[in-house]
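With positions in the sequence shown counted from 1, the corresponding number in our numbering is that position plus 102.
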Amino acid sequence: MGAADFSSYLILTTIKAETDYIVKMIDHWQTHNTRSFTPDAAVIGDFVAHKDQFMAKTVWGDDCKSWYKSGSCNDKVTALWCGSTLHYLEVIRQVRFEDWEFEYEGNRFTYLGNGHSQTEMNPDADWAYHVRDEHDDLPLTQNKMTKIMNKDRVSYRAQQRNRRGCVLFWDRIFP
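Have a look at this one:
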């Protein structure tokens, strides 16, 4: 762990979020007959271009020496994330599998198995677990999940401040 990795981040919080991300990747690897996975080269290039464009607009984009720029005035910012801590945590909450190249052991659909659910193999399992009296699933959209996580404070506070003529970004209004 280097200082550039944690500019304003909470170390334990990010380690937990990164561990959750890694566990999701390992789960995919174990359950989908995956031999290997690597980040897509085009995705890496796109991310670096986005990061460079973002960092150029920050204080580190100015002509000054910084350890974020390897101690130089003119190098690119080497910080690993281009946004706030909350932004980082929300982005890595779900794995974007489309950003990875997977190589499979044989047919990629062998994970489908014998056509029976593991639930069906357990004689004590509830085979009708999907029939419920109330809807208790997590929301399907990122927007809805953000509203639930923030108890809809975010959109309310942004609207309230916008009426006063302030231009705010949602990740800047948290207390």
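Every residue gets a Cβ at the ideal spot worked out from N, C-alpha and C, and that includes glycine.
Model, not experiment: these values are computed from the prediction.
- Residues near Phe139 by beta carbon distance below 6 Å, same chain, minus five either side: Excluding positions up to five away in sequence, the list reads Trp202, Phe204.
- Inter-residue spacing [alpha-carbon to alpha-carbon] between Asp154 and Asn135: Rounded to whole angstroms, Asp154 to Asn135 spans 36 Å at the Cα level.
- Inter-residue Cα distance where the pair is Leu214 and Met223: In a straight line, the C-alpha of Leu214 is about 15 Å away from that of Met223.
- Message: To the nearest angstrom, how far is the alpha carbon of Glu200 from that of Gly217?
- Response: Approximately 26 Å, taken between the alpha carbons.
- Using beta-carbon positions only, say whether Thr115 and Leu191 come within less than 8 Å of one another. Going by C-beta atoms, Thr115 is nearer than 8 Å to Leu191.
- Query: Where are the alpha helix (DSSP H) runs, 4 residues long or more, that stay fully inside the region 178-202, in chain order?
  - Reply: Segments of the alpha helix (DSSP H) lying fully in the region 178-202: 187-193.
- Message: By the DSSP assignment, the alpha helix (DSSP H) with Phe211 in it spans what residues?
- Response: It is not in any alpha helix (DSSP H) - Phe211 carries neither H nor E in the DSSP assignment.
- Return helix, strand or coil for Glu120, following the three-state DSSP convention. Secondary structure of Glu120 (DSSP, three-state): helix.
- Item | Same chain, Cβ closer than 8 Å to Tyr171, five either side skipped, listed in chain order | Reading off the sequence, residue 171 comes out as Lys, not Tyr. Same-chain partners within the cutoff: Trp162, Asp177, Lys178, Val179, Thr180.
- Supposed close pair His65, Cys184 - CB separation, criterion 8 Å: Residue 65 falls outside the range modelled here, since the chain spans only 103 to 277, and no answer is possible.
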